[in-house]
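Here the structure is laid out as structure tokens; the discussion comes afterwards.
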Amino acid sequence: MSDIYDEYVHLVRLALEGQPQDVMMLAKKSLKYFNKSRPDLTNSLKSLLAEYQQDGNAVRKDSHQPLPVDIDSKLELLRRDFVVFDRDPIWPGDVMGELKAVIDERQHEDELITNGLTPTRTILFIGPPGVGKTMAAQWLSYQLSRPLLTLDLAAVMSSFLGRTGNNIRAVLNFAQKSSSVLLLDEFDAIAKRRNDDSEVGELKRLVNVILQTIDDWPFKGLLIAATNHPDLLDPAVWRRFERIIQFPNPTHLEINYTLNNLFPHASPSLNQLIGVLSIIFDGSSYAELVRQINNTRRESIVRKVDLESSMEELILRLCRNLERHKRMDLANRLLSSGMSQRRVSELTGISRDTLRRYSREQSSSQVKQGRVDNGKGE
-12 MSDIYDEYVH LVRLALEGQP QDVMMLAKKS LKYFNKSRPD LTNSLKSLLA EYQQDGNAVR
48 KDSHQPLPVD IDSKLELLRR DFVVFDRDPI WPGDVMGELK AVIDERQHED ELITNGLTPT
108 RTILFIGPPG VGKTMAAQWL SYQLSRPLLT LDLAAVMSSF LGRTGNNIRA VLNFAQKSSS
168 VLLLDEFDAI AKRRNDDSEV GELKRLVNVI LQTIDDWPFK GLLIAATNHP DLLDPAVWRR
228 FERIIQFPNP THLEINYTLN NLFPHASPSL NQLIGVLSII FDGSSYAELV RQINNTRRES
288 IVRKVDLESS MEELILRLCR NLERHKRMDL ANRLLSSGMS QRRVSELTGI SRDTLRRYSR
348 EQSSSQVKQG RVDNGKGE
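Residue numbers for the sequence shown follow the working numbering, beginning at -12 and rising by one.
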């Protein structure tokens, strides 16, 4: 096992030194280690190496091309990243289905072209902040073995009339010529409705350029636009994109999955707290969830308090901020999951007498409802 660790350190060193050919040779050598214990990883690594050997020249050439810069500030207008995932993120079923469809199309590119079609070239991501839109763009770039180019909106927006338009054009022209995934985050800032009287004519003309660019985007690349404010987009934008993916806030089960990934070796008692948090955060964004959990983990380390105690404190703080009926609803859901009244009282701050009274009221209400339903049936 020490051999594979040594190989991993060597691999990181070669990658940091910018030696892709040596990285590829070492990756091929490592196949024998994975073939015994993780054949699924072996197949993924073989596919990645085969794709790199086929398209590697273009990718390497693109990765060394200088990024476009703003003439005045000299700031780069794009950020170029090569993202790596050690496990697949989770999104709602419909979202994951759309993302996987994009990947599947790339694997059947020749068949599509033979039939007069191309893989998806342009996608619009819609959803509130923190629901995984940026992560989805990163994951697609990883799955497609393409660098991710992200528009730096702060560098692009210039105080000089006409300069912003030139910067956007420079970004689009650069990305069109590279085999990459381009992410235009906060897309509503550059593709606003053209009937917005607060915008100058230059930005309105820019929308026309963006619309034409979306239509002509080369299928070797992938253009992704993301927005938290779809209502601000120009109406003509919508029909330009080949796929429009709506990202909702995660459900209770998706949050539970995320928490379990954050704590893969949790004890039974910590798993119980994870279940409580997944209910509390139901409907919240991934970003809010991760922010709260990471803050709690930091507090646990700094204060030298065990993680379970810190998590219990987090639950109590969150419960105190809930309206009474929501706290009671949470308590009822915990009781329904089989948690004892004593434990529910400890976590929610609701007295056991109140919990017992509430349980009796709920039971009485269900009995009455059952009688009404039976009466209707008769």
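C-beta: ideal position from N, C-alpha, C; glycine also. Every value quoted in this text rests on a predicted model; they were computed, and no experiment measured them.
- Under the criterion of beta carbons closer than 8 angstroms, Leu65 and Asp139 qualify as touching, at roughly 6 angstroms.
- Note that the C-beta distance between Asp175 and Pro217 is below 9 angstroms.
- Shown here, Leu64 sits in coil according to DSSP, grouped into three states, outside any helix or strand.
- If the five residues before and after Ser272 are omitted, its C-beta is found closer than 8 angstroms to the C-beta atoms of Pro115, Pro116, Gly117, Val118, Asn236 and Pro237, all from its own chain and listed in chain order.
- Contact annotation: Val277 and Leu240 have beta-carbon atoms that are not nearer than 9 angstroms.
- Looking at the DSSP output, Arg329 shares a beta bridge with no other residue.
- Counting only residues of its own chain and dropping the five nearest sequence neighbours on each side, Ala124 has a CB closer than 6 angstroms to the CB of Leu170 and Ile211.
- Thr105 places its beta carbon 9 angstroms or farther from that of Ala88.
- Under the DSSP definition of a beta bridge, Leu136 partners with Arg67 and Leu169.
- In the DSSP assignment, Phe206 falls outside any alpha helix (DSSP H) and carries neither an H nor an E.
- Judged by their CB atoms, Leu301 and Gly336 are not nearer to each other than the 9 angstroms cut-off.
- In the DSSP secondary-structure assignment, Gln233 is bridged to Ile113.
- The beta carbons of Ile110 and Arg230 sit closer together than 9 angstroms.
- In the structure shown, Ala178 adopts coil according to DSSP, grouped into three states.
- Distance from the Cα of Ser34 is smallest, within the candidate group Ala14, Tyr20 and Ile113, for Ala14.
- The C-beta distance from Tyr345 to Asn308 rounds to 20 angstroms, too long to fall under 8 angstroms, and the pair is not in contact.
- Comparing alpha-carbon positions, the option among Phe228, Ile201 and Ser167 lying closest to Gly208 turns out to be Ser167.
- Rounded to whole angstroms, Glu275 and Gln328 show a C-alpha spacing of 29 angstroms.
- Just measuring C-alpha positions, the residue of Asp221, Leu198, Ala141 and Ser323 sitting nearest Arg180 is Asp221.
- Cβ atoms of Arg67 and Pro134 come within 8 angstroms of each other, at about 5 angstroms.
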